[in-house]
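Accompanying notes for the structure given below.
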Amino acid sequence: MTRQIPVQANNPTCLSASTWLAKTVSPSGDGNRAQYSSRFQYAQENYWTIIVWNDTAFENLPPARKNEMLSMTTEQNEAYITAFTPISYLRFHFEYACLQSLELLETTTFSEQRPEMSRSAYQTKIFFNIRSRREGDVSSGTAGPTEYYANGALILRPNIPAGRSMIHVVDRVLELPSQYGIKGFISLKEQPDTAFYNNVVMFLPAEYWNDVVEPLNSNERVTVFVPTKEAIARIPSDKLQQLRGSSQLLRDVIKRHIIPDQIMYTSFVYHNEGVNTLYGQLIYRISSERETVFVSSGAVTAQVVHGNITAKNGVVHFVDSLLGYVYNTALDEIRLTSFATTFENVLIKSRNDLQNAIVLPNGVTVFVPINQAFSNLPSMYNFQTNQSLINMVMELCMLQQGMEFQLTSVNGDYEARRTLLSRYFNRPVNVYSQGNETWVESGYVKAKVVRPDVGVTNGFIHFIDGVPGLPSRSIPDTIFCEDWLIKSHIQLQMTGLDVYLSDPQAKAVAPCASNTGVNKYPSSSQQGAAIAPRSCGTINQRCSFTIFIPNGTAIDFFENQPYGKQIQNDARRWQWVLRRHITRQIIYIDQTALTQEREFTSDNGDVVRYKRSTDRCSLKQGYCMSPPMSTPRLRTAFYDNLVRFLPAEYWNDVVEPLNSNQRVTVFVPTKEAIDRIPSDKLQQLRGSSQLLRDVIKRHIIADQIMYTSFVYHNEGVNTLYGQLTYRISSERETVFVSSGAVTAQVVHGNITAMNGVVHFIDTLLGYVYNTALDEIRLTSFATTFENVLIKSRNDLQNAIVLPNGITVFVPINQAFSNLPSMYNFQTNQSLINMVMELCMLQQGMEFQLTSVNGDYEARRTLLSRYFNRPVNVYSQGNETWVESGYVKAKVVRPDIGVTNGFIHFIDAVPGLPSKSIPDTIFCEDWLIKSHMELQITGLDVYLSDPLAKAVVPCASSTGVNKYPASSQQQAASAPPSCGTIGERCSFTVFIPSGTAIDSFENQTYGKQIKTDTNKWQWVLRRHMTRQIIYIDQTALTQEREYTADNGDVVRSEMELE
1 MTRQIPVQAN NPTCLSASTW LAKTVSPSGD GNRAQYSSRF QYAQENYWTI IVWNDTAFEN
61 LPPARKNEML SMTTEQNEAY ITAFTPISYL RFHFEYACLQ SLELLETTTF SEQRPEMSRS
121 AYQTKIFFNI RSRREGDVSS GTAGPTEYYA NGALILRPNI PAGRSMIHVV DRVLELPSQY
181 GIKGFISLKE QPDTAFYNNV VMFLPAEYWN DVVEPLNSNE RVTVFVPTKE AIARIPSDKL
241 QQLRGSSQLL RDVIKRHIIP DQIMYTSFVY HNEGVNTLYG QLIYRISSER ETVFVSSGAV
301 TAQVVHGNIT AKNGVVHFVD SLLGYVYNTA LDEIRLTSFA TTFENVLIKS RNDLQNAIVL
361 PNGVTVFVPI NQAFSNLPSM YNFQTNQSLI NMVMELCMLQ QGMEFQLTSV NGDYEARRTL
421 LSRYFNRPVN VYSQGNETWV ESGYVKAKVV RPDVGVTNGF IHFIDGVPGL PSRSIPDTIF
481 CEDWLIKSHI QLQMTGLDVY LSDPQAKAVA PCASNTGVNK YPSSSQQGAA IAPRSCGTIN
541 QRCSFTIFIP NGTAIDFFEN QPYGKQIQND ARRWQWVLRR HITRQIIYID QTALTQEREF
601 TSDNGDVVRY KRSTDRCSLK QGYCMSPPMS TPRLRTAFYD NLVRFLPAEY WNDVVEPLNS
661 NQRVTVFVPT KEAIDRIPSD KLQQLRGSSQ LLRDVIKRHI IADQIMYTSF VYHNEGVNTL
721 YGQLTYRISS ERETVFVSSG AVTAQVVHGN ITAMNGVVHF IDTLLGYVYN TALDEIRLTS
781 FATTFENVLI KSRNDLQNAI VLPNGITVFV PINQAFSNLP SMYNFQTNQS LINMVMELCM
841 LQQGMEFQLT SVNGDYEARR TLLSRYFNRP VNVYSQGNET WVESGYVKAK VVRPDIGVTN
901 GFIHFIDAVP GLPSKSIPDT IFCEDWLIKS HMELQITGLD VYLSDPLAKA VVPCASSTGV
961 NKYPASSQQQ AASAPPSCGT IGERCSFTVF IPSGTAIDSF ENQTYGKQIK TDTNKWQWVL
1021 RRHMTRQIIY IDQTALTQER EYTADNGDVV RSEMELE
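Counting along the sequence shown from 1, when you hit position 1023 you're at 1023 in full-length UniProt numbering, and nothing is skipped either side.
Here's what the structure looks like:
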């Protein structure tokens, strides 16, 4: 059950608890550090398991509480600490050369079934809870990491050995537990609030006493909700007498406040979690930031006003309402609620039938706007004197008669919403969850439910923060309040449209809570805002708008297109594009007939058509979000130089579908692509009518609309002639299409036409006209390779012009620029020949990378010309990688068809590594944690190559920010000698993966090792040797050994691969 800790006093690894606490968790400042050291001096003299708060918890205390803590006497300090120190047991133990060992509590031995006795003189209890955190902090979410709690405080850093003690660091400053059990705590007159016991529990008949009250004494694990004296005083005296006089009802009401055999602190319960009380179920409702907790039972919802008070046998939560006892009508409840007085006044002014509806005997559900919601309304409504608006609001706030609706039944996002009917012409009221909040949409206003499920004798009341039918926010503020539209709001700011769309008569209201994600896109990333269009957004010119706002994902996709980037760099042009989504007409989508196509004139003058499909709305135009291509020659080069040369007999088969087909996708080579074809080869293509027909047909996908935003990597689709394959880079910033032994890059895609979509590409598909040598000579980013080829052996130069069977992996210019000068590559003939041989496959191997679709385990192994050394080709994510000569290179442009084979451009030089060991490790996503451990231990410096160039080692998608630097501990000093110009060392490293490190640090001994960076460095150096070891050159099953960098002898053996 417990962990055995060596306690020998002169153990050199021991650090006393008081020293550890003073150095590690104390708030900043010498004064605070001193009070920590004195407060925990007992831990230095005793063998204790200690639960202690962290800096943040202490600094976040209210000033009065903090001063109270800092002014404690020595005796008070001791009393406080012992209350959170479980009793440990000492026994003799002879391992580790220790005379005795202490059994201390660690998280693996926590039990929810058995509370631990503290060292307090009052023998208070410490309750441990173990919870599997759930996604979204809701009970229906998928399981996440396991968390441990002590008296409701989350243990942030568990199981820290400190000399003779074990320390657990928690996230809050705990309140002293009560020295009494639950019954004593709620009944003794010296306790702060005994109204529930004295005015309700005491009137329970004797025959129910053992069934209800005794468990408060006898049960060792009980959770009790205690209505405050204000909650009891709120019950009219006649209703209280009525409750006392009904013994069975009184029994059941009290039982609803008691959860047996469970300790339920509010810090770890989930939103919408249900738990069984002694009578019926209780539901927790937790706000997003956990600043408000409600509990619902027996048609009553109560707020926890002071929770998590630990007693000897459980936990107490004070609540502001008596659960399970409904005594007010809806009208009475509204009149008694201080934050609903405005609604009461509005109700009095409404029609008589609406006033009568709220006092009907049953079937009433009312959404009541709080006072602040009415205060936020613009004065232009003249609401208090406008009878028609008053009646409309009241009807939108009330559901149809007979609809008694509890919000505890709602547990899903907008797609899982419940749609109810209001009294206003049966207009819909949508109710749904978002995070831990519940939202109501009525009369085109979205309101948050601030207090749900207030049970009344004739139904339910729900208090909300908006007024149905009367928006209080302008368009920009409404957009700002949605997390998923925050980037959209910033685009409005950048283009001045936030001013243009603003309502000068709206109040300057803080539009939403601080958790809206306003800081997701820092203002420093914004360009200068364009000037707002004239007229609208001023007192003199208040305009009405409908806006179809692109969300953040749509904007991200647009700005990742080359043309989108150009548009966004010019704020005025970007403003013009966004104004296409705005119209001065008021359009209600839900009032548009299904499948009926309608149009509006947008704010920039364009005509836009839209159509409602089920509950979705789609926009259609002759082109997409960007305007038509502004350069006519880009659109006509392919047509003028090739399509129009197609003989008449093929015209109907090829060209007519571009007009008649309602769904077509076309790839159009740009003018530059056509100009790149030598004139004699172009004439040759025009003169071969069947070849010309087939080449053009390869560019057309009939009966399908294929935007690059949703196609898959390696997805194949049939064109009018043969198959076309998409190759998508990891971040979708680059899209290639391959067909007929040619690969082309999409340089401007997703241009919507009336009957399809157009993608401009940089190469003519299906027509191969260059040899490998010609293609290399014509490629601007391959000039260095051409120069190296000229210096290589004659047989290698001749090989590249053989009539067929050629495959060459061509490093781009940047790959050669990244090489360290130590290679002296351009003057080293043997290296030049080796590189060329590693870049070329054996004669006869024509290899297309479109045939590779699998990870490293599914790799294709080919043979290079360099002593038949292997060339491994495989996929990783959406990228294709080549390993040749122990260098891993990314294919930056695959499958360039040439008349005698294929060329693939790569970003590294086979046989000549350009990265040091640390940079090579850094570039692998799955080794990023391994790299962090090298940094922590100083081994990144030790293993660095002083002669290597300072090259950005890899793309930003490597996940470098997965382990923020702020989480690193103090780095150890690098071992002496290696990693400097004066001492350049060679190494082989068997690097542990992130998974291996996680497993190690989850072991108790691993945690101890990692807290000492010098010991951790020593362990990692066991994985290094100054010998150069090639695993693939080691015989199978042959055991070998090497001397590790820390002096240990390590044996290795190769099994299969």
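For glycine and all other residues, C-beta sits at the position ideal for the given N, C-alpha and C.
Check	Outcome
If you draw a straight line from the alpha carbon of G564 to that of V758, how long is it in whole angstroms?	15 Å
Under a Cβ-count criterion, where at least 16 other Cβ atoms within 10 Å of its own Cβ denotes burial, should T1004 be classed as buried or exposed?	exposed
Helix, strand or coil, according to DSSP, for T74 in the structure here?	helix
What does the alpha-carbon distance come out to for the pair R793 and P811?	18 Å
With 16 other CB atoms within 10 Å as the buried threshold, where does Q248 fall?	exposed
DSSP three-state call for I906: helix, strand or coil?	strand
According to DSSP, is Y149 helix, strand or coil?	strand
Do you know how far the Cα of S602 is from the Cα of L838?	59 Å
If distances are taken between C-alpha atoms only, which option among Y1042, F185 and F463 comes closest to N313?	F185
With DSSP as the reference, label H93 as helix, strand or coil.	Note that H93 scores a pLDDT of 29, beneath 50, so its modelled location is shaky; the value from the coordinates is reported in the next line. It is coil, neither helix nor strand.
Could you tell me which uninterrupted beta strand (DSSP E) segments, each at least 3 residues in length, are contained entirely in the region 447-492, listed from first to last along the chain?	459-464
Across which residues does DSSP place V300 in a beta bridge pair?	S297
On the DSSP bridge list, what partners appear for T1043?	V1049
If you draw a straight line from the alpha carbon of Q723 to that of S739, how long is it in whole angstroms?	6 Å
Would I555 and K507 qualify as a contact pair, given that the criterion is a beta-carbon distance under 7 Å?	no
Determine contact between the region 358-375 and the region 321-338, defined as no fewer than three beta-carbon pairs at a distance below 8 Å.	yes
Give the range of the alpha helix (DSSP H) segment to which P918 is assigned.	I917 to F922
Taking the alpha helix (DSSP H) that N798 belongs to, which residues open and close that run?	N794 to A799
Of the choices P428, R473 and L354, whose alpha-carbon is the least far from that of S375?	R473
Suppose contacts are defined by Cβ-Cβ distances below 7 Å. Is G324 in contact with R251 by that definition?	no
Let me check one thing: in DSSP terms, what residues is I283 bridge-paired to?	G274 and S296
Would you check if the distance between the CB atom of V429 and the CB atom of S409 is smaller than 7 Å?	no
Exposed or buried, which one is L421 when buried takes at least 16 other CB atoms within 10 Å?	exposed
Measuring only the C-alpha atoms, how far is Q745 from V808?	20 Å
By a C-beta neighbour count over all protein chains shown, 10 Å radius and 16 as the cutoff for buried, is V440 buried or exposed?	buried
How close, in whole Å, do the beta carbons of Y610 and L470 come, if the pair is a contact with beta carbons under 8 Å?	26 Å between Cβ atoms; not a contact.
Determine, using beta-carbon pairs with one atom in the region 279-296 and one in the region 146-156, whether at least three such pairs fall under 8 Å.	no
Quick check on DSSP: helix, strand or coil for N833?	helix
Within this structure, are the beta carbons of R698 and T719 separated by less than 7 Å?	yes
What number of angstroms, rounded off, separates the C-alpha of I800 from the C-alpha of D774?	10 Å
Where do the ends of the beta strand (DSSP E) carrying K890 lie?	V887 to V898
Using three-state DSSP, classify residue 1061 as helix, strand or coil.	Past the boundaries of the shown model lies residue 1061; the chain is included only from 1 to 1057, so the question cannot be answered.
Can you give, in chain order, each stretch of the alpha helix (DSSP H) that sits fully within the region 530-602 and has at least 4 residues?	552-559, 562-568 and 571-579
Could you check where the beta strand (DSSP E) with E437 kicks off and where it finishes?	E437 to S442
Does the beta-carbon distance from N818 to S914 come in below 7 Å?	yes
Once you ignore the five residues that flank L646 on each side, which residues in its own chain have a CB closer than 8 Å to its CB?	V654, V655, S689, L692, R693 and I696
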